[in-house]
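**Q** Supplied in structure tokens, the structure appears directly below.
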Amino acid sequence: MSRKAMKSQVESSKLAAEAVSNLSTITAFSSQIRILRMLGETQKEPMRESIRQAWYAGFGLGFSQCLTGCVWALSYWYGAKLISEGQLDAKAFYHMYLILISTGRVIAEAGTMTNDLSKGFDAVKSVFTILDRYTSREPEESDGIKPDIITGHVAICDVHFAYPARPT
Numbered sequence: 001m002s003r004k005a006m007k008s009q010v011e012s013s014k015l016a017a018e019a020v021s022n023l024s025t026i027t028a029f030s031s032q033i034r035i036l037r038m039l040g041e042t043q044k045e046p047m048r049e050s051i052r053q054a055w056y057a058g059f060g061l062g063f064s065q066c067l068t069g070c071v072w073a074l075s076y077w078y079g080a081k082l083i084s085e086g087q088l089d090a091k092a093f094y095h096m097y098l099i100l101i102s103t104g105r106v107i108a109e110a111g112t113m114t115n116d117l118s119k120g121f122d123a124v125k126s127v128f129t130i131l132d133r134y135t136s137r138e139p140e141e142s143d144g145i146k147p148d149i150i151t152g153h154v155a156i157c158d159v160h161f162a163y164p165a166r167p168t
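Per the UniProt record's numbering, residue 1 is the first one in the sequence shown, and the count goes up by one each step.
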């Protein structure tokens, strides 16, 4: 969504939340129709933007489907031309055709994963940065104080638990 549509959506959400919280006042003054009209006015811009984006998405999807069909038709036409000229037999054409279509699909699917792959590489890089950083005391070092006997006593006193949302 565009910023303008998101801003309008936020305004209508605020209006709806306020209407719900003040429902008794709105009902007392019979303002339901006025509130619904105000909500409809705030929804006009997001609806207009959504319709515009739907047209773009529909055109893009239709174009991509048309392009796919045209590529297939061109492939079959060229394959038929090669078969009729005797440069290729039908079995070799279908092998070549299936390999090209399968490879194209794999490349397209890999292309959609590039964003996820870059995020994964960044995550791995940050993990190795943390692992490779120098600490003032390495865990493998054996220097330091080594007490003979360790004793400890932990006492928890005056602890009270309260669950305000639970009925008692």
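Think of the CB as a built atom: it goes at the ideal place given N, C-alpha and C, for glycine as much as any other residue. All of these numbers come straight from a predicted model, not from anything done at the bench.
Could you give the DSSP three-state label for Lys146: helix, strand or coil?
**A** Correct three-state label for Lys146: coil.
**Q** Which full runs of the alpha helix (DSSP H) of 4+ residues lie inside the UniProt domain "ABC transmembrane type-1" (1 to 119), going along the chain?
**A** 3 to 21, 23 to 28, 32 to 85, 90 to 112, all fully within the UniProt domain "ABC transmembrane type-1" (1 to 119).
**Q** Would you grab the beta carbon distance between Leu39 and Ala16 for me? Rounded to a whole angstrom, and I think it's under 8 Å.
**A** Yes, Leu39 and Ala16 are in contact; Cβ-Cβ is about 6 Å, under 8 Å.
**Q** Does the stretch 51 to 69 touch the stretch 21 to 32, meaning 3 or more C-beta pairs lie closer than 8 Å?
**A** These segments do not touch.
**Q** Checking 7 Å against the spacing of the C-beta atoms, do Glu45 and Ala19 come in under that value?
**A** Not closer than 7 Å, so no.
**Q** Would you report the Cα separation of Tyr94 and Gly62, rounded to the nearest angstrom?
**A** Distance between the alpha carbons of Tyr94 and Gly62: 27 Å.
**Q** Mapping the DSSP letters down to three states, classify Ile156 as helix, strand or coil.
**A** Coil at Ile156, not helix or strand.
**Q** Given a cut-off of 7 Å on the beta-carbon distance, is the pair Ser8 and Thr42 in contact?
**A** Yes, the Cβ-Cβ distance between Ser8 and Thr42 is below 7 Å.
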